[in-house]
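K.L.:
Below is a structure I'd like to ask you about.
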Amino acid sequence: MHYSKSRIIWLSVLLGSLSAYGPLLVDMYLPAFPIMESDFHTSASMIQISLTMCLAGLAIGPIFMGAWSDRVGRKTPLVIGTSLAIIACFLSLVTHNIWLFFLLRFIQGLASSAGQVVTRAVAKDLFNGKQLTKFIALLMAINGIFPIISPLIGSLLLRYTSWQGIFGFIGCTGLLLLLGLIFGFKETHKLSPADQKATSTRLNVQTVFKDRPFICFVLIQGLVYGAMFCYISGSSFMLQNVFSLSKSTFSLIYGINGIGIILMAELSTVLINWFTELEQLKLGLIGGLIGGFCILISGLGPNKLWLALIGLFLVVSTLGLINAVVTSLALQRQGKQAGIASSVLGLGMYVFGIFLSPLVGIMGSYTYLPLAVLILLCEFSALLLYRYVRRIV
859 MHYSKSRIIW LSVLLGSLSA YGPLLVDMYL PAFPIMESDF HTSASMIQIS LTMCLAGLAI
919 GPIFMGAWSD RVGRKTPLVI GTSLAIIACF LSLVTHNIWL FFLLRFIQGL ASSAGQVVTR
979 AVAKDLFNGK QLTKFIALLM AINGIFPIIS PLIGSLLLRY TSWQGIFGFI GCTGLLLLLG
1039 LIFGFKETHK LSPADQKATS TRLNVQTVFK DRPFICFVLI QGLVYGAMFC YISGSSFMLQ
1099 NVFSLSKSTF SLIYGINGIG IILMAELSTV LINWFTELEQ LKLGLIGGLI GGFCILISGL
1159 GPNKLWLALI GLFLVVSTLG LINAVVTSLA LQRQGKQAGI ASSVLGLGMY VFGIFLSPLV
1219 GIMGSYTYLP LAVLILLCEF SALLLYRYVR RIV
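So in the working numbering, spot 300 of the sequence shown is number 1158, and the numbers just go up one at a time.
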């Protein structure tokens, strides 16, 4: 299917922003934690639970969002999900009860998960093969901007307002996305009567889970995201406690690594002209494995900051390359059940991270050996799975 360049750019910006709306809800209010602790008259750990509730919603939402979009079309779940997230954001402005705030945070994560899941299905509706890989890489590049700028915008807003202003800003951003959806997005999933039967969902789920290469791609993505969540969970303690870097220096390093994701996602759009998706996946996984070894070596000997930073950059930035090609490879194996396939991919992103992130701190906050070992195990396991899927694909 052919689209004009301007149309592709518009769809990339809209869908990339929708897929980043969930992460925006996670990252932007982080600088406001101390203020919220005081306003809610509670502890820091209770405020952190609000983050967990949003992540829980983002993890649970994909279970049904994709199947729903296969049955009713892509636009309806996106509009309803974005609308609910906006309402929950604005309700957050007037709540003074921490438990109600937890509920609203869960709804925000659950509703915004539609943006993460359904946008991948839309990409599969519109493109295939190398064009799909290029488009997903473009979405990844746009998506990667938000985790970099979100905490910075949050800190800037706190100079002029309180935490309520942050959620007001997120809600207004959601309104703009909703308007873009309503007036600038056409349905991409053409429904037949068979698509709307209740029995089709069960059959499609069975079809997806019987596809061994697809499940391998899901597990590969889950493992590299597991390494990423270990990095998110432990890098602050690693860089500030072990290497005694300042908060501003840590933020700078965090931002540089985030830029690496964008650059690698863009690189995949160039490499696709010379390498297949599987060859690109191998390159990305080898890069992540080398990064894991660098982190481990820096931690076993005298702590070498430069080696640790190289390792972290490789582990984080290669995610941009890996995610673009593995998502494309997985979705290309599915037809009309692209929504369900996207749901499984979305759920797989969080599975390993949920269990591995708490293990990063098992030896305290002044060593990063658990972080290094877990990242290395994730990257090595992903490469082993790649070797297996290469034989059966």
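Glycine included, C-beta positions come from ideal geometry on N, C-alpha and C.
Measuring straight from C-alpha to C-alpha, what distance separates Val911 and Ala1199?
P.N.:
Looking at the sequence itself, residue 911 is Met, so the reference to Val does not match. When rounded, the distance between both Cα atoms is 24 Å.
K.L.:
Since Thr1046 contacts Leu984 with CB under 8 Å, what's their CB separation in whole angstroms?
P.N.:
Contact flag correct, Cβ pair sits at about 6 Å.
K.L.:
Could you compute how far the alpha carbon of Leu1192 sits from the alpha carbon of Leu1203?
P.N.:
In the sequence as presented, Leu is not what sits at residue 1192; that position holds Gln. Roughly 12 Å separates the two Cα atoms.
K.L.:
Can you list, in chain order, the residues of its chain whose CB lies under 8 Å from that of Phe948, leaving out five sequence neighbours each side?
P.N.:
The answer, listed in chain order, is Phe1025, Gly1026, Gly1029.
K.L.:
Within 10 Å of its beta-carbon, does Leu1158 have 16 or more other beta-carbons around it, so buried, or fewer, so exposed?
P.N.:
When all chains shown are included, Leu1158 counts as exposed.
K.L.:
Note down the Cα distance separating Ile1130 from Phe959, rounded to an integer number of angstroms.
P.N.:
Approximately 45 Å between the Cα atoms of the pair.
K.L.:
If the criterion is Cβ atoms closer than 8 Å, does the pair Leu1139 and Tyr1244 meet it?
P.N.:
Yes, the pair counts as a contact, with Cβ atoms nearer than the cut-off.
K.L.:
Counting only the same chain and skipping the five closest in sequence on each side, list residues whose C-beta sits under 6 Å from that of Ala1123.
P.N.:
Here the set comprises Ala995, Met998, Ala999, Gly1178, Ala1182.
K.L.:
From this set, Arg963, Leu1167, Gly1142, Ile956, which residue's C-alpha is nearest Leu942's C-alpha?
P.N.:
Closest by alpha carbon: Arg963.
K.L.:
Between Leu1015 and the rest of its own chain, which residues show a CB-CB distance below 7 Å, the 5 nearest in sequence each way excluded?
P.N.:
So the list reads Gly1023, Ile1024, Phe1027, once near-sequence residues are dropped.
K.L.:
Would you call the region 1230-1237 and the region 1097-1108 touching, i.e. three or more CB-CB distances under 8 Å?
P.N.:
With a cut-off of 8 Å, the region 1097-1108 and the region 1230-1237 do not count as touching, because too few Cβ pairs lie within range.
K.L.:
Using a beta-carbon distance below 8 Å, is Gly924 in contact with chain B?
P.N.:
Any reference to chain B falls outside this structure, which holds one protein chain only.
K.L.:
From Phe1075 to Leu1187, what does the alpha carbon distance come to, in whole angstroms?
P.N.:
So the two alpha carbons sit approximately 7 Å from each other.
K.L.:
How should Pro881 be labelled, buried or exposed, when 16 other C-beta atoms within 10 angstroms of its C-beta is the threshold for buried?
P.N.:
So Pro881 ends up on the buried side.
K.L.:
Around the Cβ of Gly987, are there at least 16 other Cβ atoms within 10 angstroms (buried) or fewer (exposed)?
P.N.:
Looking at its Cβ environment, which holds fewer than 16 other Cβ atoms inside 10 Å, Gly987 is exposed.
K.L.:
What residue from Met1096, Ile1148, Ile1119, Gly1145 has the CA that sits closest to Gly1219's CA?
P.N.:
Here the closest residue by C-alpha is Met1096.
K.L.:
Using the three-state DSSP reduction, which class does Lys992 fall into: helix, strand or coil?
P.N.:
Helix, per DSSP.
K.L.:
Counting beta carbon pairs with one atom in the region 885-896 and one in the region 1160-1180, are three or more of them shorter than 8 Å?
P.N.:
These segments do not touch.
K.L.:
Can Leu1035 and Leu876 be called in contact, C-beta distance under 8 Å?
P.N.:
Yes. Within cutoff.
K.L.:
Is DSSP giving Val1063 helix, strand or coil here?
P.N.:
Reduced to three states, the DSSP call for Val1063 is helix.
K.L.:
Within the region 895-977, note down every full alpha helix (DSSP H) run reaching 4 residues or more, in order along the chain.
P.N.:
Runs found: 902-918, 920-930, 933-950.
K.L.:
Starting from Tyr1246, trace the alpha helix (DSSP H) in both directions and tell me its first and last residue.
P.N.:
Its alpha helix (DSSP H) spans residues 1227-1250.
K.L.:
Between which residues of its own chain and Pro1009 is the CB-CB distance below 8 Å, once the five residues before and five after are set aside?
P.N.:
Excluding residues within five positions, the ones whose Cβ falls inside 8 Å are Asp885, Met886, Leu888, Pro889, Ser1109.
K.L.:
Going by C-alpha distance, which of Ala917, Gly967, Leu990 is nearest Arg978?
P.N.:
It is Leu990.
K.L.:
Please report the residue range of the alpha helix (DSSP H) in which Arg1017 lies.
P.N.:
No alpha helix (DSSP H) holds Arg1017; DSSP gives it neither H nor E.
K.L.:
Counting C-beta neighbours from all protein chains within 10 Å, is the total for Tyr1089 16 or more, i.e. buried, or is it exposed?
P.N.:
Classification of Tyr1089: buried, given that the 10 Å Cβ count is 16 or more.
K.L.:
Helix, strand or coil for Ala1056, going by three-state DSSP, please let me know.
P.N.:
Annotation note: pLDDT 48 at Ala1056 (below 50); position unreliable, coordinate value reported separately. Helix at Ala1056.
K.L.:
If you reduce the DSSP assignment to three classes, tell me which class Thr1127 lands in.
P.N.:
Three-state DSSP puts Thr1127 in a helix.
K.L.:
Just to check my reading of the structure: Lys933 and Thr1127 have Cβ atoms closer than 8 Å, yes? What is that Cβ distance to the nearest angstrom?
P.N.:
Actually they do not touch by this definition, with Cβ atoms about 27 Å apart.
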